[in-house]
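Asks: Mapping to our numbering: the sequence shown position 235 is 577, numbers consecutive.
Yeah, the Cβ is synthetic: ideal placement off N, Cα and C, and Gly gets one too.
If you scroll down you'll find the structure; I have some questions about it.
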Amino acid sequence: MIDREFRNLVCRDYCHRQSHRQSLKRSFLLAMGLAMIFAAGTVAAGGRSERTVPDRPLVVASFTVLEDLVRSVAGEDVQVKTIVPAGAELHEWELTPRNFADLEEAHLFLYNGYQIETWLPQAQRILPASVPRVAVAEETGVETIPVMLGDLAGDADPHLWMDPRIAVRYLEVIRDQLIALDGENASNYTARAAEAIQSMNDLYREISEKLAPIPPERRNLVSSEAAFLYFARAFSLDHDGIWGSNSEEEGTPQQLARIIDIIRRDEIGTVFYESTISDRYVRSVADETGAAVAGPLYVDSLGTGESGVTSYAAMMRANANLLLQELEK
């Protein structure tokens, strides 16, 4: 059981986080309003936007991991932009004026699906009616794993891309959508997709071999969000999280109590945090249990430039290297 002092600390942290989120949301809405007023003034004054209609089709991807997969097939034949930038939280993103402009000019919109893009309804309203919008994960036809806990328990977990074998199916869907959009370059998309699929299969074998030395009793991946279900299944790890999805409330006393009991029961030595969310709750759990803290792991976003984690392959290798380092010892 958590003592009264720790429970009070958790409650203060949780309340502070909720207050901070509301403050950020108010600031964002104010900034958006000012930006829209400025844009309206520019038009009224006879000004014109610096953005022009692209000479190549514009494909907009919902987040950086998907964007990188699209680029590996698209090459230079189309322009590719993303909604949620590197390092930002995919689940909780709020659309910006730049996002609005990109969506209005898009020829194809690719998103993951399975409710991970909570901002999707707003994006759908902005997109021109003629623009195809494709839920790539849902189009793969892969059987999903249910979210393991929380308000969304039982729903399809959306993080399918964390298994490279399923990422191959993403590449196939992307290839087919690009061919439908731009048939003149079909042979280019087919060739690049074949190369990317081969690299993805090689990556799966590489990571399997890298993680093989971790002994069975230490193959526990505990993170903030339980977002590694597909990764854990692919590489024979046991997985749990403080909460089930970043789309729900995070760091509640009940969530923390549950994972603390599990860590103590199973004598888990390390708890991991992810790149797009605070490590405060992982550190609270570690303080209470004596577990080590390690991170970041990457799941909902690639890293920023200085991290070096700027591609899908780099993301998966960074995760594997950190897990081997922390779990093998």
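Among 545, 625, 516, which has the Cα closest to the Cα of residue 534?
Replies: 516
Asks: Could you say if the stretch 439–451 and the stretch 466–480 meet the contact criterion of at least three C-beta pairs nearer than 8 Å?
Replies: yes
Asks: Who does residue 595 pair with in a DSSP beta bridge?
Replies: Paired residues: none, contrary to the question.
Asks: Could you compute how far the alpha carbon of residue 560 sits from the alpha carbon of residue 664?
Replies: 14 Å
Asks: Grab me the residues of residue 576's own chain with a C-beta within less than 6 Å of its C-beta, minus the 5 sequence neighbours each way, in chain order.
Replies: The residues are 505.
Asks: With a cut-off of 8 Å on the beta carbons, I'd call residue 403 and residue 420 a contact; round off their distance for me.
Replies: Their Cβ separation, rounded to whole angstroms, is 11 Å, which puts residue 403 and residue 420 out of contact at 8 Å.
Asks: Does the stretch 563–570 touch the stretch 580–599, meaning 3 or more C-beta pairs lie closer than 8 Å?
Replies: yes
Asks: Put residue 682 into one of helix, strand or coil per three-state DSSP.
Replies: For the chain, the structure presents residues 343 to 671; residue 682 sits outside this window and is missing.
Asks: Who are the near neighbours of residue 658 in its chain, counting only those whose CB is closer than 7 Å to its CB and skipping five residues on each side?
Replies: 506, 545, 549
Asks: Quick one, which of 646, 626, 589 has its alpha-carbon nearest residue 605's?
Replies: 626
Asks: In the DSSP assignment, what are the bridge partners of residue 423?
Replies: 402
Asks: When you compare the stretch 596–605 with the stretch 616–631, are there three or more beta-carbon pairs, one atom per stretch, that lie closer than 8 Å?
Replies: Segments in contact, yes.
Asks: By the three-class DSSP mapping on this structure, what secondary structure does residue 612 have?
Replies: Strand at residue 612.
Asks: To the nearest angstrom, how far is the alpha carbon of residue 486 from that of residue 569?
Replies: 13 Å
Asks: Please say whether residue 430 and residue 643 have beta carbons closer to each other than 8 Å?
Replies: yes
Asks: If you draw a straight line from the C-alpha of residue 542 to the C-alpha of residue 512, how long is it?
Replies: Near 11 Å, if we compare the C-alpha coordinates of residue 512 and residue 542.
Asks: Let me make sure I understand the geometry here. Which of 647, 442, 427 has the alpha-carbon closest to that of residue 463?
Replies: 442
Asks: Between which residues of its own chain and residue 662 is the CB-CB distance below 7 Å, once the five residues before and five after are set aside?
Replies: 549, 552, 553
Asks: What residues are listed by DSSP as bridge partners for residue 668?
Replies: The partner list for residue 668 (beta bridge, DSSP) is empty, contrary to what the question assumes.
Asks: Please state whether DSSP places residue 360 in a helix, a strand or coil.
Replies: Low per-residue confidence applies at residue 360: pLDDT is 46, beneath 50, and the placement is therefore not dependable, though the value from the model is reported in the following sentence. If DSSP states are grouped into helix, strand and coil, residue 360 belongs with the helices.
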